[in-house]
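In what follows, a structure is listed as structure tokens, so that the remarks can point back to it.
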Amino acid sequence: MTTPEQAPVSALADPDTLTYAQTGGWDCVLCGLRLIDAPSRPLGTVTVERGSARVVCEVWACAPTCDAAPARQDTSEPGHAGAATSTDPATETEWRAAIEHAAGCLACRIPGAGCETGEQLLHAYEKAIRKARAEEIA
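FYI, UniProt numbering numbers position 128 of the sequence shown as 128, with every residue one higher than the one before it.
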């Protein structure tokens, strides 16, 4: 499905409640099921606004149909050992700061350009998510 054909998903899912994994296409946008473990289909796009940053994300759902029952599962991100999504306010604040910066920074959008501020914000987010994860386990 190409971008012009995709319908906005805002009527099905509130963009403000979606997790990083849902906007990244790793989890079903409707029920939260890890899509690596299930067949999936593109559902459309959702616009996520964080402060001055506005990002259009392609989102996916379970295939062929999603029963929209929230799934409890491992929330670690593919390729990011130890990283996890969280609803912790401090973690969300760090993530928003990193996203807002990246949306307006050309160096952050060019692989290997080496934006020091972007790296610092990303490391602050990673530190916050590790702390939140440690508190969940404890």
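Here a beta-carbon is modelled for each residue, glycine too, at the ideal position from N, C-alpha and C.
For the alpha helix (DSSP H) that residue i lies in, which residues bound it at each end?
i, result
"TRP95", "89-104"
"ARG133", "116-137"
"ALA21", "20-23"
Counting only the same chain and skipping the five closest in sequence on each side, list residues whose C-beta sits under 6 angstroms from that of residue i.
i, result
"ASP14", "none"
"ALA124", "GLU94"
"ALA53", "ILE99, GLU100, ALA103"
"GLU126", "none"
Would a C-beta distance cut-off of 9 angstroms place residue i and residue j closer than the cut-off?
i, j, result
"GLY114", "ALA98", "no"
Quick check: is the beta carbon of residue i nearer than 9 angstroms to any beta carbon in chain D?
i, result
"GLY44", "Looking for chain D here will not work: only one protein chain is present."
Ordered along the chain, which non-local residues of its own chain (more than five positions away) have a Cβ less than 7 angstroms from that of residue i?
i, result
"ARG96", "ARG50, GLY51"
"LEU122", "ALA98"
State the start and end residues of the unbroken beta strand (DSSP E) segment that holds residue i.
i, result
"THR45", "40-50"
"ALA61", "53-62"
For residue i, collect the residues of the same chain with a Cβ closer than 8 angstroms to its Cβ; drop the 5 residues on either side in sequence, then sort them by chain order.
i, result
"ALA63", "ALA38, PRO39, SER40, ARG41"
"GLY25", "LEU35, CYS57, GLU58, VAL59, TRP60"
"ALA134", "none"
Would you call the segment 126-135 in contact with the segment 107-114, where contact means no fewer than 3 C-beta pairs closer than 8 angstroms?
no
Tell me whether the segment 54-63 and the segment 89-96 touch, counting them as touching only if at least three CB pairs, one residue from each stretch, are closer than 8 angstroms.
no
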